[in-house]
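All remarks here apply to the structure that follows.
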Amino acid sequence: AQSVAQPEDQVNVAEGNPLTVKCTYSVSGNPYLFWYVQYPNRGLQFLLKYITGDNLVKGSYGFEAEFNKSQTSFHLKKPSALVSDSALYFCAVRDRRYGGATNKLIFGTGTLLAVQP
Amino acid sequence: NAGVTQTPKFRILKIGQSMTLQCTQDMNHNYMYWYRQDPGMGLKLIYYSVGAGITDKGEVPNGYNVSRSTTEDFPLRLELAAPSQTSVYFCASSYGTGVHEQYFGPGTRLTVT
Numbered sequence: 017a018q019s020v021a022q023p024e025d026q027v028n029v030a031e032g033n034p035l036t037v038k039c040t041y042s043v044s045g046n047p048y049l050f051w052y053v054q055y056p057n058r059g060l061q062f063l064l065k066y067i068t069g070d071n072l073v074k075g076s077y078g079f080e081a082e083f084n085k086s087q088t089s090f091h092l093k094k095p096s097a098l099v100s101d102s103a104l105y106f107c108a109v110r111d112r113r114y115g116g117a118t119n120k121l122i123f124g125t126g127t128l129l130a131v132q133p
Numbered sequence: 002n003a004g005v006t007q008t009p010k011f012r013i014l015k016i017g018q019s020m021t022l023q024c025t026q027d028m029n030h031n032y033m034y035w036y037r038q039d040p041g042m043g044l045k046l047i048y049y050s051v052g053a054g055i056t057d058k059g060e061v062p063n064g065y066n067v068s069r070s071t072t073e074d075f076p077l078r079l080e081l082a083a084p085s086q087t088s089v090y091f092c093a094s095s096y097g098t099g100v101h102e103q104y105f106g107p108g109t110r111l112t113v114t
């Protein structure tokens, strides 16, 4: 079965330090992977996606993600965290059973990032 | 360009009541989706549509209905509301074939008491 796992419910990091939010996936074949951010009382906002090619994907707000096929991971990273990065982060994989016919996504349960001043 | 808009923002329903959550997008996206978000559970797909007149069930469709008469609108109908439908509901849309991200609305917070 296809799935996405975010093993940490919460990640705490000090402002200015690098941050990593972890994501692993289980899907047959080549995955299409996404990261979204949700600020309090808001909808999800798209950060970045991996389709193919370079394993390091750059996205919005200085975030990047590293695709690792052998470890089936797609960790979200940022070199220097800001207090304003504090939010809920979701990893997602496109459902391969339907592909582009529906663009359905399978979401992880989310990781709360707390950046302390 | 308003993106994806949802109304209402908040609603309290009594058990057994019905209501329609509205969703409109102005990006000419073919695909639209309804999710519910429960704490610690991520997002669960309720229904989706790949074009006007075409809808299909997602993971958790029971207790809900949808219609898609236009490209822009994708309303979600709750019939006979139950406490288990207390949740935050998000509408999303995306372009069609290809690998495209979904764009989300601001959500509707629904409480059923």
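Protein sequences, first through last, are from chains A and B. Here the first sequence is numbered in the working numbering, starting from 17 and rising by one per residue. Here the second sequence is numbered in the working numbering, starting from 2 and rising by one per residue. Just so it is clear, CB atoms sit at the ideal spot from N, CA and C, and this is done for glycine as well.
Bridge partner(s) assigned by DSSP for residue 53 (chain B): By one-based count along the second sequence, residue 53 (chain B) stands at place 52. Bridge partners of residue 53 (chain B): none, in fact.
For residue 47 (chain B), count neighbouring C-beta atoms within 10 Å of its own C-beta (all shown protein chains included) and say buried if the count is 16 or more, exposed if not. Residue 47 (chain B) sits at position 46 when you count from the first residue of the second sequence. Per the 10 Å Cβ criterion, buried.
What three-state label does DSSP hand residue 17 (chain A) in the structure shown? Within the first sequence, numbered from 1, the residue matching residue 17 (chain A) stands at position 1. Looking at residue 17 (chain A) - three-state DSSP - the assignment turns out to be coil, as it is neither helix nor strand.
Residue 42 (chain A): first and last residue of the uninterrupted beta strand (DSSP E) it sits in: The residue you call residue 42 (chain A) lines up with position 26 of the first sequence. For residue 42 (chain A), the uninterrupted beta strand (DSSP E) run begins and ends at 40–42, by DSSP.
Nearest chain A C-beta to residue 44 (chain B) closer than 7 Å, yes or no? For the purposes of this step, residue 44 (chain B) is taken as residue 43 along the second sequence, with counting starting at 1. Output row for residue 44 (chain B): interface = yes.
Local conformation of residue 101 (chain A) per DSSP, three classes: Counting from 1 along the first sequence, the entry for residue 101 (chain A) is found at position 85. Of the three classes helix, strand and coil, the one that applies to residue 101 (chain A) here is helix, per DSSP.
Taking just the CA atoms, how far does residue 69 (chain B) sit from residue 17 (chain A)? Reading the first sequence from its first residue, position 1 is the one you call residue 17 (chain A). Reading the second sequence from its first residue, position 68 is the one you call residue 69 (chain B). Distance between the alpha carbons of residue 17 (chain A) and residue 69 (chain B): 30 Å.
Jot down the residue ranges of each uninterrupted beta strand (DSSP E) in the region 50–99 of chain A, minimum 3 residues, whole runs only, in chain order. Listed in chain order, they are 60–66, 72–74, 80–84, 89–94.
Assigned secondary structure, residue 95 (chain B) (DSSP; H/G/I helix, E/B strand, else coil): Counting from one through the second sequence, the residue named residue 95 (chain B) turns up at place 94. Assignment of residue 95 (chain B) by DSSP, reduced to helix, strand and coil, places it in the strand class.
My guess is that residue 67 (chain B) and residue 95 (chain B) are in contact by the Cβ rule of under 8 Å, so how many angstroms apart are they, rounded? Here residue 67 (chain B) is taken as the residue at index 66 of the second sequence, counted from 1. Here residue 95 (chain B) is taken as the residue at index 94 of the second sequence, counted from 1. Not a contact, Cβ separation roughly 16 Å.
Using the Cα positions of residue 38 (chain A) and residue 29 (chain B), report the straight-line distance between them to the nearest angstrom. For the purposes of this step, residue 38 (chain A) is taken as the residue at position 22 of the first sequence. For the purposes of this step, residue 29 (chain B) is taken as the residue at position 28 of the second sequence. The straight-line gap from Cα to Cα measures roughly 34 Å.
Could you compute how far the alpha carbon of residue 85 (chain A) sits from the alpha carbon of residue 126 (chain A)? Along the first sequence, one-based indexing puts residue 85 (chain A) at 69. Along the first sequence, one-based indexing puts residue 126 (chain A) at 110. Spanning the two alpha carbons is a distance of roughly 21 Å.
Within 7 Å of any Cβ in chain B, is that where the Cβ of residue 93 (chain A) sits? Looking up residue 93 (chain A) in the first sequence gives position 77. No, its Cβ sits nowhere closer than 7 Å to a Cβ of chain B.
Tell me the DSSP bridge mates of residue 67 (chain B)? The residue you call residue 67 (chain B) lines up with position 66 of the second sequence. Residue 67 (chain B) is bridged to B:77.
Could you check whether the Cβ of residue 118 (chain A) sits closer than 7 Å to any Cβ belonging to chain B? The residue labelled residue 118 (chain A) in the question sits at position 102 within the first sequence. It does; some Cβ of chain B falls within 7 Å.
Taking only beta carbons into account, state which residues of the region 72–100 of chain B come closer than 7 Å to chain A, listed in chain order. 91, 95, 98, 99, 100
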